[in-house]
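K.L.:
Provided herewith is a single structure, encoded as structure tokens, for subsequent inquiry.
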Ligand code: BGP
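Residue numbers (the numbering used here): 9 to 470.
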């Protein structure tokens, strides 16, 4: 049975929706610097949520939403590597949180959704141990400021996606291909997660703390032993090193064994493993866009290429990890978006069932949604029936998982409004509310917004 307090909501991230990049004492993040230096479309103004948050929250309320998942921008809160706090930035999130509470919307807060202050990136970013202390200090400021108002905290949004894109694929900042640093950054993020959970417990915070993971439930192309072995390696690569580490306090030992054959793991200290073991999260936030369909590795070099260009590059994505597995992007029985994301709602049902069986912690689906190229017309609402169809199928998958015993406590559509999509710019639209980026960032709810209102108001009955 679905919980009567089920959190129906939508999600955003600070860099992707706020804009106001140089206002209110905000210092540059690594995204500002990387996109500016490379002359790429950026989120300087994004969806102008920084100025329009009241209107956005009013739309949430009118849309029947029960919760809003957003992130705090570290570069708004901490000004420099001395840890100096920016009161104006702190006040901005008080305003957002207060506005949510006033409108009966539960704030669901992410501490890090990828906008690392550039002054920390300059010191080596996530690949260096020092960042763990800086992160915990930042988290402490947030806990002290907002702790009496916020019940649901997430330490990180999608550590895997952030680290692999930045340090291995190289399509996100810092834009490098360095496996040793990839391993270090992954490890330090998971260590920072544990140290922050420790602080949360020591400060006797009310509420719960979790982690948000880019969940790719693993499926195989057949039942052969080779495929099963490839699936285990893929599961470590995609999921286990985040979820096992954060929820069970155990980094998958077979994965460490494989990495240890080729890379230097001496930076991992005994005390780090102790911290990870004893400080586990309360819930799993799972972002679900698609499964990963896996076939055995059959030779050649590793290739990690993600389609950031939409239809222009459709079919160009490739994920091959040498000696481990290959991900299939051209299954003849599947349909794919313009950006090579497979549409596979059953994967969400199976993914939830597997995660719940394995971890036995409450689950929130912290992101789910679909992107289209859409015009936002002046006169009428975008009639996004494709999105409604997609969301409906995924919500049904969640309701089926709940019926079969999984403890799922909330669902957040990505995204609240159209916003900046990392490297894809503003044309890759996910919002329930359209944004006219050329016309004062005017908000125009789409058909899906009105459809979702009925879902929220009936607690999923429609
Ligand atoms: C998730 C991120 C979000 C969001 C979403 C859609 O990985 O947490 O920040 O961007 O994916 O991805 P994209 O914008 O690349 O299509």
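Think of the CB as a built atom: it goes at the ideal place given N, C-alpha and C, for glycine as much as any other residue.
Predicted, not measured: the structure shown is a model, and the values here were computed from it.
1) Along the alpha helix (DSSP H) that carries residue 400, what are the first and last residues, could you check?
2) Please report the distance separating the alpha-carbon of residue 148 from that of residue 207.
3) Would you call residue 24 buried or exposed, if buried means 16 or more other Cβ atoms sit within 10 Å of its Cβ?
4) For residue 84, tell me which candidate among 66, 124 and 45 has the shortest Cα-Cα distance.
5) Taking the continuous alpha helix (DSSP H) assigned at residue 236, which residues delimit it?
6) With contact counted as at least three CB pairs below 8 Å, one residue from each stretch, are the region 425-435 and the region 55-64 in contact?
7) Within a Cβ cutoff of 7 Å, which residues of the same chain sit near residue 187, ignoring the five residues on either side of it in sequence?
8) Identify which residue in 439, 417 and 291 has its Cα closest to the Cα of residue 201.
9) Are the beta-carbon atoms belonging to residue 8 and residue 248 less than 8 Å from one another?
10) Going by Cα to Cα distance, which pick from 335, 18 and 140 is closest to residue 192?
11) Could you give the residue range of the beta strand (DSSP E) that holds residue 326?
12) Who are the Cβ neighbours of residue 318 in its own chain at under 8 Å, not counting the five residues just before and after it?
13) Comparing C-alpha positions only, which one of 79, 50 and 35 sits nearest to residue 89?
14) Measuring only the C-alpha atoms, how far is residue 257 from residue 199?
15) Do the region 386-397 and the region 331-350 meet, that is, are 3 or more Cβ pairs less than 8 Å apart?
16) Is any heavy atom of the ligand BGP found at a distance shorter than 7 Å from the C-beta of residue 169?
17) Under 7 Å: does the beta carbon of residue 24 sit that close to some heavy atom of the ligand BGP?
18) Mind checking who residue 444 pairs with in its DSSP beta bridge?
19) Using DSSP's beta-bridge definition, name the partner residues of residue 149.
20) I'd like the list of long-range same chain contacts for residue 253, defined as Cβ closer than 7 Å, with 5 residues on each side in sequence excluded.
21) Going by CA-CA distance only, name the one from 442, 403, 459 and 450 that's closest to residue 393.
22) Starting from residue 205 and walking both ways along the alpha helix (DSSP H), at which residues does that stretch end?
23) Restricting to Cα atoms, I'd like to know which of 358, 371, 424 and 286 is closest to residue 204.
24) Measuring alpha carbon to alpha carbon, tell me which residue in 132, 127 and 73 is nearest residue 112.
25) With DSSP run on the structure shown, which of helix, strand or coil describes residue 358?
26) Give a yes or no on whether the C-beta atoms belonging to residue 423 and residue 19 are separated by under 8 Å.
27) If I follow the unbroken beta strand (DSSP E) through residue 335, where does it start and stop?
28) Comparing alpha-carbon positions, which option in 69, 415, 128 and 439 lies nearest residue 110?
29) Between residue 410 and the rest of its own chain, which residues show a CB-CB distance below 6 Å, the 5 nearest in sequence each way excluded?
30) Within 7 Å: the Cβ of residue 254 and any heavy atom of the ligand BGP?
P.N.:
So, from the data block:
1) First-last of the alpha helix (DSSP H) with residue 400: 393-411.
2) Distance between the alpha carbons of residue 148 and residue 207 is about 8 Å.
3) Of the residues assessed, residue 24 falls on the buried side of the cut-off, its CB having 16 or more other CB atoms within 10 angstroms.
4) It is 124.
5) Secondary structure note for residue 236: its alpha helix (DSSP H) is the uninterrupted segment 233-243.
6) Judged by pairs of C-beta atoms under 8 Å, the region 425-435 touches the region 55-64, as three or more such pairs exist.
7) Annotation for residue 187: 176 and 271 place their beta carbon closer than 7 Å to its own, counting only its chain and skipping 5 residues before and after.
8) Nearest C-alpha to residue 201: 291.
9) The chain is shown only over 9 to 470; residue 8 falls outside these bounds and no answer can be derived.
10) Nearest C-alpha to residue 192: 140.
11) Run containing residue 326: 326-329, per the beta strand (DSSP E) assignment.
12) So the qualifying residues of the chain are 346, 347, 381, 432, 435 and 436.
13) Residue 89 has its Cα closest to that of 35, out of 79, 50 and 35.
14) For residue 257 and residue 199, the distance between alpha carbons rounds to 10 Å.
15) Result no; under three Cβ-Cβ pairs closer than 8 Å.
16) For the ligand BGP, at least one heavy atom lies less than 7 Å from the Cβ of residue 169.
17) Checking the Cβ of residue 24 against the ligand BGP gives yes.
18) Residue 444 is bridged to 450.
19) None; residue 149 has no bridge partner.
20) In chain order, 198, 259 and 284 place their CB closer than 7 Å to the CB of residue 253, counting only its own chain and leaving out the 5 sequence neighbours on each side.
21) Selected option, being the one with the closest Cα: 459.
22) Here the alpha helix (DSSP H) through residue 205 covers 187-210.
23) Closest option to residue 204, Cα to Cα, is 286.
24) Closest by C-alpha distance to residue 112, out of 132, 127 and 73, is 73.
25) Here residue 358 carries a helix assignment [DSSP, helix/strand/coil].
26) If you check the CB distance, residue 423 and residue 19 come in under 8 Å.
27) For residue 335, the uninterrupted beta strand (DSSP E) run begins and ends at 333-335, by DSSP.
28) For the residues 69, 415, 128 and 439, the minimum Cα distance to residue 110 belongs to 69.
29) Excluding residues within five positions, the ones whose Cβ falls inside 6 Å are 10 and 416.
30) In this structure, residue 254 has its beta carbon at no less than 7 Å from each heavy atom of the ligand BGP.
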